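Chains A and B are the protein sequences, given in the same order. Numbered by the working numbering, the letters in the first sequence go through residues 1 to 174 in order. Numbered by the working numbering, the letters in the second sequence go through residues 175 to 254 in order. Glycine residues also receive a C-beta, built at the ideal position from the N, C-alpha and C atoms. As the structure is a prediction and not an experimental result, all values here were calculated from the model. What follows is one structure encoded as structure tokens, with my remarks underneath.
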Amino acid sequence: MATRSCCFRPLQVAELVTITSEPIDTAVLREGLFDPTAGGYSAFEGWVRNHNDGREVERLEYEAYEPVAVSEGEKIIAEANELFPFVRASFVHRVGLLEIGECAVWVGVVARHRDEAFRACRYIIDELKLRLPIWKKEHYVDGDSDWVNCERCSRSSGESMSKAAASHATDSTR
Amino acid sequence: MKTVTVRYFALFRENAGVGEETLTLDVANAADVFAKTRDRHGSHEPAGHCKVAINDEMADWQSPVNDGDTVLLFPPVAGG
């Protein structure tokens, strides 16, 4: 990851989207977005929640098809940059077995001002949930398991968040 | 007839019992592949609830399928 001694590091496509089976270190990712021209940072973290649809969840299992998840993810970031020009953005999505409270997805955007940072971050998380080939299986406390959003959930559509959300932003300049 | 490699993911893979298979199918587009492999992926949903990619590029259900293509059938996604 970049350090603060680096100025005007060009946007590197290879770093825009990461699918990983390793725990997400949000502090390192935040540091990697640092840019001297940016006055605002907005991030979204999706966490594994202990319940969904009235059932107690023990853990989640994520599966992704990485080649398309990465290429489609890069398109989403490019679209966000067209709509809400930012300085730098990236996101990371976990795969494999995740325990309650773990970070399943992180989206970070730095922009000159907070408005673009907030809006681009929101666009990226909303679109990646809709478009990326990523699936999650809920493992319940009672021993049962089920793919989320398959069959039953797609009929009701709408939000099927199986995690709490955390979002924060700082805005050092106007 | 076209020789097509069909890849199944998540629920579809579990239903099919395999991650991919090469089939000889009478198909014109991606929707035809979805319909012809319904007894494999097991989805009773309309294709519109699912997604499809051809040769690792996101595609539409009306996208043409050519001999030798790899068609990736994605169940309803649930990232994030």
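Three-state class that DSSP yields for residue i in the structure shown
| i | result |
| --- | --- |
| T26(A) | helix |
| D243(B) | coil |
| E116(A) | helix |
| A78(A) | helix |
| P249(B) | coil |
| G254(B) | coil |
| G32(A) | helix |
| I100(A) | coil |
| D126(A) | helix |
| L197(B) | strand |
| V87(A) | coil |
| L16(A) | coil |
| E72(A) | helix |
| S21(A) | coil |
| C153(A) | Note on C153(A): pLDDT 44, under 50, position unreliable in the model; the coordinate value appears next. DSSP places C153(A) in helix when its eight states are reduced to three. |
| H215(B) | helix |
Extent of the continuous alpha helix (DSSP H) run through residue i
| i | result |
| --- | --- |
| Y140(A) | No alpha helix (DSSP H) holds Y140(A); the beta strand (DSSP E) holding it covers 134–140. |
| E259(B) | For residue 259(B) there is no data in the structure shown, the boundaries of chain B being 175 and 254. |
| V207(B) | 204–210 |
Supposed contact pair residue j and residue i - C-beta distance, whole angstroms, cut 8 angstroms
| i | j | result |
| --- | --- | --- |
| I24(A) | W106(A) | 5 angstroms |
| T177(B) | D241(B) | 6 angstroms |
| L33(A) | E72(A) | About 21 angstroms separates the two Cβ atoms, so there is no contact after all. |
| A80(A) | A38(A) | A80(A) to A38(A), Cβ: 15 angstroms. No contact. |
| H215(B) | F186(B) | 4 angstroms |
Bridge partner(s) assigned by DSSP for residue i
| i | result |
| --- | --- |
| W106(A) | E45(A), V92(A) |
| H51(A) | E56(A) |
| P238(B) | N203(B) |
| S145(A) | H139(A) |
| Y182(B) | L247(B) |
| E64(A) | Reading off the sequence shown, one finds Ala at residue 64(A), where the question assumed Glu. For A64(A), which the question treats as bridged, DSSP gives the partners I134(A). |
| A227(B) | M232(B), L246(B) |
| A111(A) | G40(A) |
Residue i beta carbon near the ligand NAP (any heavy atom closer than 7 angstroms)
| i | result |
| --- | --- |
| E22(A) | With respect to small molecules bound, the structure shown includes none, and the ligand NAP cannot be examined in it. |
Extent of the continuous beta strand (DSSP E) run through residue i
| i | result |
| --- | --- |
| A38(A) | Careful: A38(A) lies outside any beta strand (DSSP E) and carries neither H nor E. |
| M175(B) | Neither: M175(B) is in no beta strand (DSSP E) and is coded neither H nor E. |
Residue-chain proximity (residue i, chain C), Cβ-Cβ < 8 angstroms
| i | result |
| --- | --- |
| I125(A) | Given the protein chain composition of this structure (A and B), no chain C is represented. |
Q: Closer than 8 angstroms, Cβ to Cβ, to anything on chain A: give me those residues from the segment 230–253 of chain B, in chain order.
A: D230, E231, M232, L246, F248, P249, P250, V251, A252, G253
Q: Mind checking the segment 17–36 of chain A against chain B and listing, in chain order, the residues whose C-beta falls within less than 7 angstroms of any C-beta there?
A: none
Q.
If the cut-off is 8 angstroms on Cβ atoms, which residues from the segment 40–54 of chain A count as contacting chain B, listed in chain order?
A. G46
Q: Anything in the segment 62–75 of chain A with a Cβ closer than 7 angstroms to a Cβ of chain B? List those residues in chain order, please.
A: E63, Y65, P67, V68, E72
(Q) Beta carbons nearer than 7 angstroms to chain B: which residues of the segment 106–118 of chain A have them? (A) none
Q) Just by C-beta distance, which residues in the segment 179–207 of chain B are closer than 7 angstroms to chain A? A) F183, A184, L185
Q) Using Cβ-Cβ distances below 9 angstroms, what residues of the segment 82–98 of chain A are close to chain B? A) H93
(Q) Residues of the segment 130–151 of chain A in Cβ contact with chain B at a cutoff of 8 angstroms, in chain order, please. (A) L130, R131, L132, P133, I134, W135, K136, K137, W147, V148, N149, C150, E151
Q | Selection of the segment 209–233 of chain B by Cβ proximity to chain A, strictly under 9 angstroms | A | S217, H218, E219, H223, C224, K225, A227, D230, E231, M232
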